[in-house]
Amino acid sequence: MKKALLLFCLSGWIISAKAAFVSGTIKNTEPGSKVVIHVPHYFLDGKTSAFPAQLDDQLRFSIEVKMMESGLAFLEFNDDRLPIFLGKDDSLILKTDAFQFPVVAAFSGKNGANNRLYQDFLKQNQLDFNEFNNIRFKIGQTWITVEDAVNGLMESLTPELFKSAMDAQKDAALALIDEFNLKNPDAITPEFSEWLHAEMVYTWAYHLLIYGQVYAYKYDIQPGYFDFLFDAPITSSVISSSWYRQFVVAFMARQQVKTGAGDGYWSGQYYLAEQFLSGKSLAFFRSEMISTAFSPERLAEILPLYNHFLQKNPFAVFDEKIAGLYQKYAHEFPGTAAPAFEVFDIEGHTLNLRQFNGKIVYLNFWASWCGACLRKMDFFDEFEPELREKGVIVLNVSIDDNRGNWETAVFEHGFRGYHILSEGKKLAAAYGVEAIPQYFIIGKTGLFEAKPFNSQPKDIRQKLLDLSANR
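As structure tokens, this is what we get:
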């Protein structure tokens, strides 16, 4: 543990970023209106930056945007977002209208031609940047997503027809680029050209890969189907391409599943990646895998990879992405004391963690508006009488802002166990809860216990019973 903390302290690299300058005019709106450019660089350091500005009296704005990698950014106005490409040291001038944004926008400046072509590409391919419109699948233990419209094609088309559809999409994109270059010779920058080709190739390869993996049994897909991988290099220097990143993660998940190894899913991928990836691509994948898998229940498997990465990774830009993970989860590692609290339960009785010494506590964070929470609690509620008899306490903590909504949900559903409200979300903050549903297991001496590998209600029930049986 000390080694991990030392590595955390040594990893505070300062990463330089170059600036792109974006200016423009938005007609038919009010001076002082807010414009923000969001730059997602979470694939590098786990963060997204926002660069705000206000329209002046002439309805103009100017923003200096720090770019760690050339790639995608989003210009936001009136809750609408326009995807744009920004390169380091680039300049982009935009003219639009408040009533037409983001559908209509004119681009000029050094980066103008790049974005004119990119907007044509987006219209042709109908990409959806709203992750809530995606369908989720699992390859091994890795979650991957597919746009709802593409999944519809996957469900309805045979392998031959689906590949033909993806090939046609790629060919149309190539034709679009060729036509633009013919009309505007030397207008787009080499950097943008490389990035757009990566977006195009890996959009194609990613969807073919997911189709072949997810629908393998439905369509009896044969090994020869995956020959398309010869046309999609596994290692690429354009890690700012979101489609390349998704492709690499899905590809490595598939390779790990192919090994047939039942244990060490994440560590297996970490070392297997050396056979397929190199340079910055390898560093990206390893950092992404660690940040995805790092959790108290996987600590024994992930901590050695965490330490290895911080010691051996030659690309300091990725260190910040994972260095804080140890600190983030340290408070809930097995054997760590659970934060103490004293609150009133739903019936007005004083309740504190100390009164449950000698018992196992299942601490469940939820909210009345969280459908997934309610479904899980309905299912788990059946176990409560058995658990109570075995000395297990079910303690439900709502993060509702409205006390009435919380009380109504508890009484309407008839949830068993103890119920408290994390007023002001203080208790949720003490336990580091950032999303729900979330739960913790607290042992008989007030220390965190390891969670089961699978957090399905039946697996949690068995873990609680096993802990309760131990003296």
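At position 56 of the sequence shown the residue is numbered 69 (our numbering), and the sequence of numbers has no breaks.
Yeah, the Cβ is synthetic: ideal placement off N, Cα and C, and Gly gets one too.
- Setting aside the 5 residues that flank it on each side, L376 is surrounded in the same chain by A351, L408, V410, Y444, Y452, F453, I454, I455, each with a C-beta closer than 8 Å to its C-beta; the list follows chain order.
- L68 sits in coil when the DSSP states are folded into three classes, being neither helix nor strand.
- If you ignore the 5 residues before and after T171, its C-beta comes within less than 6 Å of no other C-beta in its own chain.
- For L366, there is no enclosing alpha helix (DSSP H), since its DSSP letter is neither H nor E.
- Residues of the same chain with a CB within less than 6 Å of the CB of I234, apart from the 5 flanking positions on each side, are P172, G225 in chain order.
- The segment 255–339 is shown to contain whole alpha helix (DSSP H) runs of 4 or more residues at 255–272, 278–285, 292–306, 312–325, 332–336, in chain order.
- Counting other Cβ atoms within 10 Å of its Cβ, R258 reaches 16 or more and is therefore classed as buried.
- DSSP places R474 in the helix class (H, G or I) of the three-state scheme.
- Beyond the five residues adjoining it in sequence on each side, D180 comes within less than 8 Å, by CB distance, of W217 in the same chain, given in chain order.
- As the crow flies, the alpha-carbon of M80 is around 12 Å from that of K60.
- Around the beta carbon of W256, 16 or more other beta carbons lie within 10 angstroms, which makes this residue buried.
- Each residue's CA atom was taken as its position, placing M167 and G417 some 45 Å apart.
- Taking a C-beta distance under 9 Å as the contact criterion, L290 and Y319 do not qualify as a contact pair.
- At the C-beta level, A185 and Q137 come within 9 Å of one another.
- Under the three-state reduction of DSSP, V251 is assigned to coil, being neither helix nor strand.
- About 4 Å separates the beta carbon of I152 from that of A266, a gap short enough to meet the 8 Å contact definition.
- Looking from the CA of D110, the closest CA among E447, A119, L295 belongs to A119.
- Residues of the same chain with a CB within less than 6 Å of the CB of F396, apart from the 5 flanking positions on each side, are R474 in chain order.
- In this structure, K176 lies away from M213, with their beta-carbon atoms at least 9 Å apart.
- L107 and F298 have their alpha carbons spaced roughly 35 Å apart.
- Between K47 and the set F74, V117, D58, the nearest pair of CA atoms involves F74.
- Between F34 and E77, the C-beta spacing is below 9 Å.
- DSSP places T421 inside the alpha helix (DSSP H), whose first and last residues are 416–426.
- With a minimum length of 3 residues, the unbroken runs of beta strand (DSSP E) contained wholly in the segment 346–410 fall at 355–357, 363–365, 373–379.
- Taking C-beta atoms as the reference points, K457 and P465 fail to come closer than 9 Å.
- In the same chain as V374, and ignoring 5 residues on each side of it, the C-beta atoms closer than 6 Å to its own belong to I406, L408, I455, in chain order.
- No Cβ-Cβ contact shorter than 9 Å links A313 with Q154.
- Leaving aside the five residues that flank V261 on each side, the residues in its chain whose CB is nearer than 6 Å to its CB run, in chain order, F298.
- Taking 8 Å as the upper bound for CB-CB distance, P115 and L95 are in contact here, some 4 Å apart.
- For T216, the three-state secondary structure derived from DSSP is helix.
- The way I'd put it, the segment 123–130 does touch the segment 187–203; three or more beta-carbon pairs between them come closer than 8 Å.
- D191 sits in a helix when the DSSP states are folded into three classes.
- Contact between Y219 and A263 is confirmed by a C-beta separation of about 6 Å, below the 8 Å threshold.
- DSSP places G125 inside the alpha helix (DSSP H), whose first and last residues are 125–138.
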